[in-house]
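The opening residue of the first sequence carries number 1 in my numbering; numbering runs sequentially from there.
Think of the CB as a built atom: it goes at the ideal place given N, C-alpha and C, for glycine as much as any other residue.
None of these values were measured; they are calculated from a predicted model.
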Amino acid sequence: MTTEIFIIQELERYLKSKGISGIPITLQKPKEEKFGDHATNIAMQLAGKLKSNPRSIAEEICNFIETGNQYIDKVEIAGPGFINFFAAHENLYEQLAKILLLREEYGRGEIGAGKKAMVEFVSANPTGPLTIGHGRQAVLGDTVANLLEAVGYDVKREYYFNNAGRQMRILGNSVYLRYLEVLGQKIDFPDDHYQGEYIKDIARSIYETYNDSLKNDQDNPIFKDQAEQSIFEDIKKTIHRLGFEFDIFYNENSLYETGKIDQVIQAMDDKGFIEKRDGATWFLTTKLGAEQDRVYIKSTGEPTYRLPDTAYHIEKIKRGFDLMIDIFGADHIATYPDVLSALEVLGYDISKITVLIHQFVTLTENGEVVKMSTRKANFVTLDELMEEVGVDVTRYFFIMRQMNSHLNFDLSLAKTQSDENPVFYIQYAHARICSILSLADSKDIPVDQKADLTNLKTTEETNLIKHLIDFPNMVESCALNYTPHRLSTYLFELATLFHKFYTECRVISDDMELTQARMALIDAARTIIANGLKLLGIAAPKQM
RNA sequence: GCCUCUGUAGCUCAGUGGAUAGAGCAGUGGCUUCCUAAGCCAUGUGUCGCAGGUUCGAGUCCUGCCAGGGGUACCA
C-alpha cells in the first residue's frame, strides 16, 4: 500500500458516501513543496455537480478522510479548491525498503502479464547500411519493447523486409556495374543506382571469387544475392552493437509463396473493393471516403507496398498478439491508413494495432545540415555515429526527445562536447554511488538491510526518496503511453537529486546509524539508476 | 489545394487541463584540509507563433490563420 493508493481509496470512499459516480479521481504531483506531495482537483470537479463552491466541498472532504496515520501526515486546502496531501514519512521509508528488497525487479509491473506483444521496427530493405534515421527508430523500438517487457508483456522484436522488387534489382545492377569497373571497363553509372562505397566492396569480393567469369552475365542473381547477404550481415552487426537482437526477420516474399497476397486480393474483391482499370488493380478507397483510389497491383504486374503490408498485418493478427506496434518514420505517415482500412473492410479487429510515427533526424555538422540518403552516398551511417560518440550517447540522444518532434542531432557537439552530455551526468551519479559503497566496503561497513531509515530526515534525503519511489509509476506511464523519452528525463532529474544530496549529506561518517541509513538510500538510488538505464539500453558504469 | 508533425528563454528542448511555465548548453560570479569538481550554489532571460473559442482554470483541448519539416506516385 502506498500513500497514493490510500488517498485514492479514501476519495472513492467519500464519493460512495455521497452516492456519486463517474467522476475520475486524478492525483497530481504539485511542483512546489508547500503544496504537499499529492494534490487532487476533485472538489473543483464536483462543484458543478453538487451545486456548491469548491472550497466548502474540499473542506468536507478534508474532514471526511482519515489523516495522521502512516500514509497521510496532513491535508490542506489551497487556491481555488485544491486538496493537498502531505505524505507521512513512514510510508516513504516503507517504499524505500521495498526497493532494497526487490532490487532489479523494482519497477516491473503486471499490467501486461500473460499478454503477447510484438514491435515491428527498422524494417529497412537490405539495400545499404543503416543510417542515422534508422538509428532513431531502432533505439525507439527497442526501448518501447523494453518498457512493455517491464510491465509484463511477452515481447517479440520483428524486422520486416523485402528482398525482391525494383529496388533490389537496382541494387543487383549497381553491383554488376561496379564489378565491370573492377574489371577495368569504363561504365556509365546511373543516378538512380546505389552510389555508396559499400557497393564497390561487394563488387570486389565477387571479383575475388569469380574473377571475370561473370562479365557478360548481368542477370546473374549472384550480384543481388551477394549484396543482400553482405548488407544484411552488416545490418545485424550494427543492431547487435546497438545492444539488442531481433527475434524474427519476416520476409515479405513468404507472403507470395504461401498465396497470402492472392488471398487478400480475392477477399477484397469479394467485398467489392477491387477494380481493374488501365491495366492495374485498384483498391477502391474512395468508397471509404478517400479522395482517390489506390493501386494494389501496377500494370507491370508488381504490387505496391499496400498489398503485401495488408497481408503481413493479417498474418500478425492471426499469430495471436494482444498488442501489435508498428514504428514508422514520418515519410511513411500516409501509408498505414490504407492498410488499416483494408483490414477493417476484411473484418479484422485493428484496435490491437498501434502505429507510432517518429519525425526525422536532422543531422548538422559545423552548423550545416547534412543531407542523408541511402542511394546517394553522402550519409552518415549508424555505425559511424556509434564509432564517433559511443553506444550510450547514441542511444541517449535518440531517446531523449519526444518521438514526434524533429530531432536535431548536432554531430559536432556530440563529437567534441560529449563529456557535457546528460548521459554522463546520469552515469556519473551511478559511478559515484559505487565508489562510496566500495569505500565503505573497504572500511568493513556493509550495507545493512535492517538500517533504520527514519534517520533520513533532510530535504535532500526525502526529495530523493520521493523521486525513487515514483519509478514504478514512471515505467508504467512510459510503457502505456509510448513515451520512452520521459524515462530519460526522469533519470536526469534523479541524478540531479542525487548530486544535490551528495553535496549536502556525507554518507560515511562517525555516526554509524546515519551512515547505515544513507548507505541504504544510495544503494536504492543506484538500483533505480541501473534499472532505468537498463531499460534505455545504456550502461551503468561502476567507475568513470 | 488536401493530410500530417512542429512552433515555449540567445541555442537545443522538457512540460500527464491546474497553482508563480522549467532544464541543459552558452554568459557572469562563487564553492574542494572531507565519500570522484564528469559535481554543487548564485545570477538574468519569456507576447508559450498569431487570433478567437470551450472551461472554475489553457503552453496543454477545439476552430481559423502564419511559418518550417514530411506526405499527397502504377517508389518504399
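I need the boundaries of the beta strand (DSSP E) containing residue i, first residue and last residue.
i    : result
D326 : L323 to G329
I77  : I72 to A78
F86  : F82 to A87
V507 : Premise fails: V507 is in no beta strand (DSSP E) and is neither H nor E.
F249 : I248 to N251
Do residue j and residue i count as a contact pair if the criterion is CB distance below 8 Å?
i    : j    : result
I199 : R169 : no
I57  : L363 : no
N162 : E233 : no
K74  : F86  : yes
A525 : I436 : no
S299 : D269 : no
Y296 : I317 : no
A267 : H430 : no
I25  : I5   : no
H313 : Q359 : no
L453 : A520 : yes
L46  : I23  : yes
I327 : F121 : yes
K466 : D37  : yes
L346 : K237 : no
I235 : L343 : no
V339 : D383 : no
E158 : D247 : yes
F471 : I528 : yes
A227 : V175 : yes
T40  : L11  : yes
L439 : I357 : no
P30  : M44  : no
Considering only DSSP beta bridges, list what residue i is partnered with.
i    : result
A117 : V155 and L323
Q28  : A39
L356 : I327
D583 : Given that the chain is displayed from residue 1 to residue 544, the structure contains no residue 583 and the question cannot be resolved.
A280 : R277
T381 : T131
P472 : Beta-bridge pairing links P472 to no other residue.
Y160 : Y250
P303 : I297
Locate the alpha helix (DSSP H) running through residue i, then write down its first and last residues.
i    : result
Y106 : Element bounds for Y106: n/a, residue is neither H nor E.
D349 : Taken as a continuous stretch (DSSP letters only), D349 belongs to no alpha helix (DSSP H), as it is neither H nor E.
G172 : R166 to V182
S341 : Y336 to V345
S56  : P54 to F64
A203 : E197 to Y210
K457 : Here K457 belongs to no alpha helix (DSSP H), and DSSP marks it neither H nor E.
I261 : K260 to D270
D452 : Note, D452: premise wrong, no alpha helix (DSSP H); not H, not E.
R395 : V391 to I399
Kindly indicate which three-state DSSP category residue i falls into: helix, strand or coil?
i    : result
H38  : strand
T188 : Checking the displayed sequence, the identity of residue 188 turns out to be Asp instead of Thr. Note: D188 maps to coil in three-state DSSP.
V369 : strand
T238 : helix
I445 : coil
V295 : strand
K16  : helix
N220 : coil
F501 : helix
F244 : coil
I538 : coil
T126 : The question names Thr, but residue 126 is Pro in the sequence shown. Residue state, collapsed to three classes: coil.
E110 : coil
H485 : helix
D309 : helix
T67  : coil
- Decide if the region 120 to 137 is in contact with the region 382 to 400; the criterion is three or more beta carbon pairs, one per stretch, under 8 Å apart. yes
- Are the region 312 to 327 and the region 90 to 103 touching by the rule of at least three beta carbon pairs closer than 8 Å? no
- Message: Does the contact criterion of 3 or more C-beta pairs under 8 Å hold for the region 510 to 528 versus the region 420 to 428?
- Response: no
- Message: I want to know whether the region 470 to 477 touches the region 107 to 115 - three or more CB-CB distances under 8 Å.
- Response: A contact between stretches requires three or more CB pairs, one per stretch, nearer than 8 Å, and the region 470 to 477 meets this requirement with the region 107 to 115.
- Task: Please determine if the region 150 to 164 and the region 111 to 122 are in contact, where contact requires at least 3 C-beta pairs separated by less than 8 Å.
- Result: yes
- Message: Assess contact between the region 123 to 130 and the region 209 to 221, defined as three or more Cβ pairs (one per stretch) separated by less than 8 Å. Is contact present?
- Response: no
- Message: Count Cβ pairs between the region 531 to 542 and the region 483 to 493 that sit closer than 8 Å; are there 3 or more?
- Response: yes
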